[in-house]
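J.:
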Amino acid sequence: MFLIAVLLFRPVEQTVSRAVADQVARGLDARAAVRSAAWLALAIAVLAVAACLAAWEPLTNGLFGGHAALTVALAAGVAGYAISYFARGLVGGVRWFGGYGLVLLADGGIRLVVALPLLFVASPTIAAVAIAAAAAGGALAPLFSRDRRRLDAIGEGSERGTFAVGAAARFALPAAVIAGCEQILISGGPLLVLIAGGEGAAAAAGVLFAATLFVLLIGCANL
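Here's what the structure looks like:
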């Protein structure tokens, strides 16, 4: 899910953030750009969820070991992260970085709270629900902040801004390539182990994913 979500929606986030920041800084009304980007994010999300549903059988039995709840969580999480990354683009565009922090904090916090029962019972369903719930929950967090009025800056411009789809695409496509390379590095190995299958594939993929994150954390700490 993170591979798909980052690849599809981080470029949307960065495009929204760039367009909103540029137009707000120039005293323009950025609502047209927000609406156009929202339709783009919605279209991508619908196609991604439809692809998950169309590939239900190979995903459920080939990738998730027969756990249909994981396939449902994949589709729900992809839809949720479409909203989450769009929200990140909005708060970043108006330079409300506290709101951006709220999205990330709620994402991690919700995932942790919902997953707490895993300390007592091994349940793929609980794990799936935790990840999917975090996606949508994080996006809603800034709406409960007292500073949410900072988003009003999007529509306070004296003139209406424009949103050139071609220019947005030229910006978003390289961002998508970079995001894809990053996620292939992090998530590609475990996915290849799962696709190859065999006895203990799920456990091996989990160990490989944990080891990859551990190495990345050590690298970041050394920086």
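Residue numbers (our numbering): 7 to 229. Positions of the beta carbon are idealized from the N, C-alpha and C atoms, including for glycine.
#1: My output table needs one value for Glu-188: the three-state DSSP class, helix, strand or coil.
#2: Give a yes or no on contact between the stretch 144-157 and the stretch 90-104, applying the rule of three or more CB pairs nearer than 8 Å.
#3: Tell me whether the beta-carbon of Gln-20 lies closer than 8 Å to the beta-carbon of Gly-163.
#4: Residues bridged to Arg-24 by DSSP?
#5: If you check the beta carbons only, do Arg-16 and Ala-181 fall under 8 Å apart?
#6: How is the alpha helix (DSSP H) around Thr-6 delimited, first residue to last?
#7: Considering only their Cβ atoms, is the gap separating Ile-50 from Leu-13 smaller than 8 Å?
#8: Can you tell me whether Ala-57 is buried or exposed? The criterion is at least 16 other CB atoms within 10 Å of its CB, across all chains shown.
#9: In this structure, how does DSSP classify Glu-63 when only helix, strand and coil are distinguished?
#10: Could you tell me the boundaries of the alpha helix (DSSP H) in which Arg-117 lies?
#11: Helix or strand or just coil, what does DSSP make of Glu-19?
#12: Closest to Gly-68 by C-alpha separation, out of Leu-198, Arg-24, Leu-222, Trp-45, would be which residue?
#13: When you compare only the Cα positions, how much space is there between Asp-158 and Ala-44?
#14: Do Ala-209 and Leu-200 come within 8 Å of each other at the CB atom, strictly closer than that value?
#15: Find out if the Cβ-Cβ distance for the pair Ile-116, Ala-140 is shorter than 8 Å.
T.: Inspection of the coordinates gives the following:
#1: Helix at Glu-188.
#2: Taking a cut-off of 8 Å on C-beta distances, the stretch 144-157 touches the stretch 90-104, as three or more cross pairs fall below it.
#3: No. Outside cutoff.
#4: Arg-24 is bridged by DSSP to nothing; it lacks a bridge partner.
#5: Cβ atoms of Arg-16 and Ala-181: closer than 8 Å.
#6: Outside the shown range of the chain (7 to 229) lies residue 6, about which nothing can therefore be said.
#7: No.
#8: By the 10 Å Cβ count, Ala-57 comes out exposed.
#9: It is helical.
#10: Per DSSP, the unbroken alpha helix (DSSP H) holding Arg-117 starts and ends at 103-121.
#11: Helix, per DSSP.
#12: Closest by alpha carbon: Leu-198.
#13: Near 17 Å, if we compare the C-alpha coordinates of Ala-44 and Asp-158.
#14: Against a cut-off of 8 Å, the Cβ pair of Ala-209 and Leu-200 comes out as no contact.
#15: Cβ distance < 8 Å, so Ile-116 and Ala-140 count as in contact.
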